[in-house]
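> Numbering-wise (numbering that gives the first Met the number 0), the sequence shown opens with residue 0 and increments by one. Cβ coordinates follow ideal geometry from the N, Cα and C atoms, glycine included. All values derive from a computational prediction rather than experimental measurement. Before I ask anything, let me first share the structure, which is written out below as structure tokens.
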Amino acid sequence: MGSRLTMTMTGIPVLYRKDGPIAWVTLNRPQALNAYNLAMRDELYGILQAVRDDLEVRGMVLCGAGERAFCAGADLTEFGSAPSQTIARQVRWERDVWGIFLSIEKPIIAAVHGYVLGSGVEMALLSDLRIASEDAVFGLPETGLGLVPAAGGTQTLPRVIGQGKALDLLLTGRRITAQEAFALGLVSRVVPRTRLFEEANLVMTNILSAGAQALGTAKRAVAQGAELPLAEALALERRLATSLLAAHKQAGFHRVFPPGYRADSLVH
Ligand code: COA
0 MGSRLTMTMT GIPVLYRKDG PIAWVTLNRP QALNAYNLAM RDELYGILQA VRDDLEVRGM
60 VLCGAGERAF CAGADLTEFG SAPSQTIARQ VRWERDVWGI FLSIEKPIIA AVHGYVLGSG
120 VEMALLSDLR IASEDAVFGL PETGLGLVPA AGGTQTLPRV IGQGKALDLL LTGRRITAQE
180 AFALGLVSRV VPRTRLFEEA NLVMTNILSA GAQALGTAKR AVAQGAELPL AEALALERRL
240 ATSLLAAHKQ AGFHRVFPPG YRADSLVH
């Protein structure tokens, strides 16, 4: 596992490796603390499409190369470098990396270490689970730079940790430790640095012991339900649960549940 940390083939801004059903996606600009630049965006866009569409891939772990950072935010050297606002907006629209994150119905774990700043936090928030190593430092410095997070952070952070705590981080730009991130609910596990990738692998392997359809349905229920009033969200859950059971039934229900189990009894 440790070899992933030192995997820094130069010139390739994002590395992609399949290990059985798990796709390991590594942000790979360690010399710039994996700052998110245009080349990284373009590469990540293609890789996330592959993760979404490759039937062999059942889950994805996102991590950063090098010793010091998962991602130190947007590449500051590229700020203002687009030929025009219109072109910049058009390219963002065509390469909607954040939209692709949300379209992946497979589990995604962000395994983060070192600096996790700006778009680093936002990419982690677009993942389903966040595992941090003890040395991780989180922060959203955008407002201090006269900006706001633009990779979903103003929307995803309050949904994950609540509005008050999100505003504390967004408005102050203060940096927090892995332990504080855990206390806020920003990450769900903190592990020693040497165990980060091993833990991500274990958690993903455990997740993948469940069926792809159940995992995808759970993700859809949470994501779509979050946009709805409770009664509608509960109806959505019921519909999704029913169609999942129908799919199991069609595939041969006996393979999933003990003989004699009635499918209908599982939907209340
Ligand atoms: N964009 C472009 N390059 C970056 C970068 C970023 N967001 N963050 C770090 N780097 C580069 C540095 O320029 C430096 O490159 P160099 O060696 O060619 O000079 C290298 O990564 C190492 O960073 P450095 O600043 O020397 O390390 P440090 O330990 O002194 O500080 C940070 C680390 C993360 C505190 C500091 O790099 C930083 O504040 N980065 C910017 C964070 C930020 O504001 N992100 C944008 C959010 S919108």
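Are Ala165 and Ala131 closer than 9 Å when you measure CB to CB?
As a working note, residue 165 is residue 166 in the sequence shown. As a working note, residue 131 is residue 132 in the sequence shown. No, these two residues do not count as a Cβ contact at 9 Å.
> Given that a residue counts as buried once 16 or more other Cβ atoms are within 10 Å of its Cβ, and exposed if not, what is Phe69?
Walking along the sequence shown from the start, residue 69 turns up at place 70. Answer is buried; the Cβ neighbour count reaches 16.
> Helix, strand or coil: how does DSSP classify Gly63 here?
Along the sequence shown, read from residue 1 onward, the residue named residue 63 stands at position 64. Note: Gly63 maps to strand in three-state DSSP.
> Count the other C-beta atoms from every protein chain shown that fall within 10 angstroms of the C-beta of Lys248, then say buried if there are 16 or more, exposed otherwise.
The count along the sequence shown starts at 1 and reaches residue 248 at position 249. That one is exposed.
> Assuming contact is defined by CB atoms lying nearer than 9 Å, are Gly58 and Ile206 in contact in what I supplied?
The residue given as residue 58 occupies position 59 in the sequence shown. The residue given as residue 206 occupies position 207 in the sequence shown. Contact flag set, yes.
> Got a sec: does the ligand COA put a non-hydrogen atom nearer than 8 Å to the Cβ of Asp52?
Reading the sequence shown from its first residue, position 53 is the one you call residue 52. Result no, Cβ not under 8 Å from the ligand COA.
> So, do the region 119-130 and the region 180-196 have three or more beta carbon pairs nearer to each other than 8 Å?
Judged by Cβ distances under 8 Å, the region 119-130 makes contact with the region 180-196, as three or more pairs qualify.
> Taking a contact to mean a Cβ-Cβ separation below 9 Å, would you say Gly172 touches Leu139 in this structure?
Within the sequence shown, the letter at position 173 stands for residue 172. Within the sequence shown, the letter at position 140 stands for residue 139. For Gly172 and Leu139, yes; Cβs fall inside 9 Å.
> Does the ligand COA have a heavy atom nearer than 8 Å to the CB of Ser132?
Start at 1 with the first residue of the sequence shown, and residue 132 comes out as number 133. No.
> How big is the Cα-Cα spacing for Asp41 and Thr241?
Locating residue 41 in the sequence shown gives position 42, counting from the first residue. Locating residue 241 in the sequence shown gives position 242, counting from the first residue. Going from the Cα of Asp41 to the Cα of Thr241 covers about 39 Å.
> Could you give the residue range of the alpha helix (DSSP H) that holds Ser242?
In the sequence shown, residue 242 corresponds to position 243, counting from 1. Element bounds for Ser242: Leu229 to Gly251.
> Ser118 and Ala73 look like a contact to me (Cβ under 8 Å); what is the Cβ gap, rounded to whole Å?
Taking the first residue of the sequence shown as 1, we reach residue 118 at position 119. Taking the first residue of the sequence shown as 1, we reach residue 73 at position 74. Between Ala73 and Ser118 the Cβ distance is about 5 Å, and since that is below 8 Å, they are a contact.
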